[in-house]
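Residue numbers (the numbering used here): 43 to 208. We put the CB at the ideal spot given by N, CA and C, even for glycine. Fair warning: this is a prediction, and the values are worked out from it, not measured in the lab. Contents: one structure, followed by commentary.
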């Protein structure tokens, strides 16, 4: 009887855990200020957050929780989850635009490192002006801290890759 109850509890727990997975974003109408006088808009289709293993694409205006599995001090798996139920292993990423003053458009990326080691990653950006992928520098995030990156121009989307703990 104990085995049956334990099996039921374990099955229920695993099903609740997997229900938190959010592998794809829902479709949405994307719009940001592109210049002082122009807007940039597009329809974002339902699409995976991770375009390849450990390569995250995030659009301006999105906030995601990236839950990680760590093996031998290495990030072995990453997935986007609906809720941050495991904050000790979840990277919080908030990507937004500040367009209060249209003459000084700014794009912000806030990344919270939950790990006891420095978090490093690389980024590519796609802007409405160039419409080309360009590399951009990112500051490593010290253990248990949050970084604030800012660019003095609009960005449509970022690709974040090559995640490492050091």
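Quiz item: To which residues of the same chain is residue 171 closer than 8 Å at the C-beta, ignoring the five residues directly before and after it?
Solution: 76, 77, 195, 196
Practice problem: Give every residue of the same chain whose Cβ lies closer than 6 Å to the Cβ of residue 168, excluding the five residues on either side of it in the sequence, and list them in chain order. | Solution: 175, 198, 199
Exercise. Report the partner residues of residue 90 according to the DSSP bridge assignment.
Key: 66
Quiz item: Tell me, which residues are paired with residue 118 by DSSP?
Solution: Paired residue(s): none; residue 118 is not in a bridge.
Exercise. May I have the straight-line CA-CA distance separating residue 160 from residue 183, to the nearest angstrom?
Key: 5 Å
Quiz item: Candidates 147, 181, 80, 163: which alpha carbon is nearest residue 138's?
Solution: 147
Self-check item: Alpha-carbon to alpha-carbon, residue 61 and residue 53
Solution: Legend: pLDDT at residue 53 = 47, less than 50; position of this residue unreliable, value from coordinates given subsequently. Roughly 12 Å separates the two Cα atoms.
Quiz item: So, using beta-carbon positions, are residue 110 and residue 74 closer together than 7 Å?
Solution: no
Self-check item: Whole-Å CB distance - residue 120 paired with residue 193, under 8 Å assumed
Solution: Not confirmed; about 24 Å, so no contact.
Quiz item: Where does residue 190 land, buried or exposed, given buried means 16+ other C-beta within 10 angstroms?
Solution: exposed
Quiz item: Hey, would you say residue 105 sits closer than 7 Å to residue 85, going by beta carbons?
Solution: no
Practice problem: Name, in chain order, the residues that DSSP records as bridge partners for residue 151. | Solution: 137, 191
Practice problem: Spatial neighbours of residue 118 within its chain, please: CB distance less than 7 Å, with the 5 preceding and 5 following residues excluded, ordered by chain position. | Solution: 111, 112
Quiz prompt | Own chain partners of residue 123 with C-beta closer than 8 Å, once the 5 adjacent residues on each side are dropped | solution = 62, 63, 64, 107, 108, 109, 132
Quiz item: Closest to residue 70 by CA distance: which of 158, 100, 95 is it?
Solution: 100
Quiz prompt | Backbone secondary structure at residue 111 - three-state DSSP | solution = strand
Self-check item: Residue from 134, 97, 141, 91 with nearest C-alpha to residue 81
Solution: 141
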